[in-house]
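Quick note on numbering: my numbering labels position 294 of the sequence shown as 357, and the sequence is numbered without any gaps. In what follows, a structure is listed as structure tokens, so that the remarks can point back to it.
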Amino acid sequence: MSQSLPSVIISGTGTYLPHRVVSNDDMAQIVETSDEWIRSRTGIAERRYASEKESTSYMATHAAKQAMKAAGTRTDEIDLLIVATMTPDMPFPSTACLVQSQLGLDHITAFDIQAACSGYIYALNTAANLLRSGAYNKALIIGAEKMSSILDFEDRTTCVLFGDGASAAVLECSEAMGLGILSSITGSDGSNPQLLYQPAGGSACPATTESVLARQHFIKMNGREIFKQAVRVMGQVSVDILERHGYSTDQVDLLIPHQANMRIIDSLAKRMRLPMERFHNNLEYYGNTSAASIGIALHEAHRSDRIRSGDLILLVAFGAGLTWGSTLIKWH
Ligand code: UT7
């Protein structure tokens, strides 16, 4: 990475989590499952479900306000807004435009990124590079998902896994040379989209009575295959980004992985020979919140003083697409 490019720091973070807590026992009232199965196979104990009024843009806007407050940023300083989501309020306009309006931001650049569970890292990387280029001054990135809106509550293999929520971060250039977002690696492989997808509702299969009756508007997943690939790819992009910057695994102070399954995270820890104390996990409380998950965990870690100036922080994600990404941060 060129040393002449300006540093970009995360100057504030925020989250929004719906109040409604849905326990594993609650899930067992809906599908044939048990608290024991869900905990032992995934590490999830409960998740949050948004109410009707808590749309993706609503949650995103609340997380954004908290992040701007934490950063001491006025709304009118933001000139770039990126929302990562696979559950937009509607196919168009973008959720970013809806959030822009709810925040009262005029004439800025606002757009969505669709990279499923890797969305937070894709948004972070895009915003950081646009800021480094000098095209914008301050960016707001948001990962927000209302996963409950696309869950099939007749499919126990998927509906127990996901939850709703949003996370946001303010990004800006800084004089702090060598600190901030060092760089990111992102990648994708679209050769087998059916591993994790929502078959209907797009142009390939518009909504019809038949598509609704065939439950084609819900998540479908080949869990075992996604699991295997997640462990392998997250391990690889973690090592790749550390090598790029000349760090070894044991120099990582905090690793924040996408929160999909505790067994995936355990395997990643073993593969990287990194003790679990160096991870921040919250899967137990929120399940898999897709594009929101890493940002929620980063916010919690920051708020609880787990992150100190100079700490090396590694974010890593994997999701539908397939997509993946890692970001290395030397905290300012
Ligand atoms: O964000 C990125 C995307 N998502 C992921 O990263 C998820 C990746 N995959 C996974 O986390 C895991 O594969 C799952 C949690 C989805 C499934 O765990 P698994 O250990 O791979 O289970 P399995 O699919 O091999 O199923 C084992 C058994 C099956 O029963 P039989 O065929 O052995 O009789 C399932 O029908 O568990 C059964 N099962 C359940 N039983 C109770 C599946 N879901 C449930 C359930 N409750 N909710």
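Glycine is no exception: its CB is placed at the ideal position from the N, C-alpha and C atoms.
Would the segment 112-123 count as touching the segment 215-224 if we require 3 or more Cβ pairs under 8 angstroms? no
Does DSSP put F290 in a helix, a strand or coil? Position 227 of the sequence shown, counted from the start, is the residue given in the question as residue 290. In the structure shown, F290 falls within a helical segment according to DSSP collapsed to helix, strand and coil.
Please determine whether the Cβ atom of I101 lies at a distance below 7 angstroms from any heavy atom of the ligand UT7. As a first step, residue 101 is located in the sequence shown; it is residue number 38 there, counting from the start. It does: the Cβ of I101 is within 7 angstroms (strictly closer) of some heavy atom of the ligand UT7.
W100, DSSP secondary structure in three states: The residue you call residue 100 lines up with position 37 of the sequence shown. Three-state result, W100: helix.
Could you tell me how far apart the beta carbons of F380 and I357 are, in whole angstroms, since I believe they sit closer than 8 angstroms? For this step, residue 380 is matched to residue 317 along the sequence shown. For this step, residue 357 is matched to residue 294 along the sequence shown. This sequence places Ala at residue 380; Phe is not what is there. About 6 angstroms separates the two Cβ atoms, so the contact holds.
In terms of alpha-carbon separation, which member of C180, V315, A191 and A263 lies closest to L375? What you label residue 375 is simply residue 312 of the sequence shown in a count that begins at 1. Out of C180, V315, A191 and A263, V315 has the C-alpha closest to the C-alpha of L375.
Which parts of the segment 157-187 are runs of the alpha helix (DSSP H), unbroken and 4 residues or longer, counting only runs that do not cross its ends? 158-166
So, K201 versus I141, is the Cβ gap smaller than 8 angstroms? Residue numbering aside, residue 201 sits at position 138 when the sequence shown is read from its first letter. Residue numbering aside, residue 141 sits at position 78 when the sequence shown is read from its first letter. Cβ atoms of K201 and I141: closer than 8 angstroms.
Which of the three DSSP states, helix, strand or coil, is assigned to D152? Working through the sequence shown from its first residue, we reach residue 152 at position 89. In the structure shown, D152 sits in coil (DSSP, three-state: anything other than H, G, I, E or B).
Same chain, Cβ closer than 7 angstroms to H362, neighbours up to 5 away in sequence not counted: In the sequence shown, residue 362 corresponds to position 299, counting from 1. Same-chain partners within the cutoff: T76, G77, T78 and S230.
Only counting the same chain, and skipping five residues up and downstream in sequence, which positions put a Cβ closer than 8 angstroms to that of S157? As a working mapping, residue 157 is identified with position 94 in the sequence shown. V146, P151, A173, F174 and D175.
Report the option in M325, V162, W387 and A364 whose CA atom is closest to the CA atom of I107. Within the sequence shown, numbered from 1, the residue matching residue 107 stands at position 44. It is M325 whose Cα lies nearest to the Cα of I107.
Residues in the same chain with beta-carbon distance under 6 angstroms from I392, minus the five sequence neighbours each way, listed in chain order, please. The residue given as residue 392 occupies position 329 in the sequence shown. Closer than 6 angstroms at Cβ, skipping near neighbours: I244 and I376.
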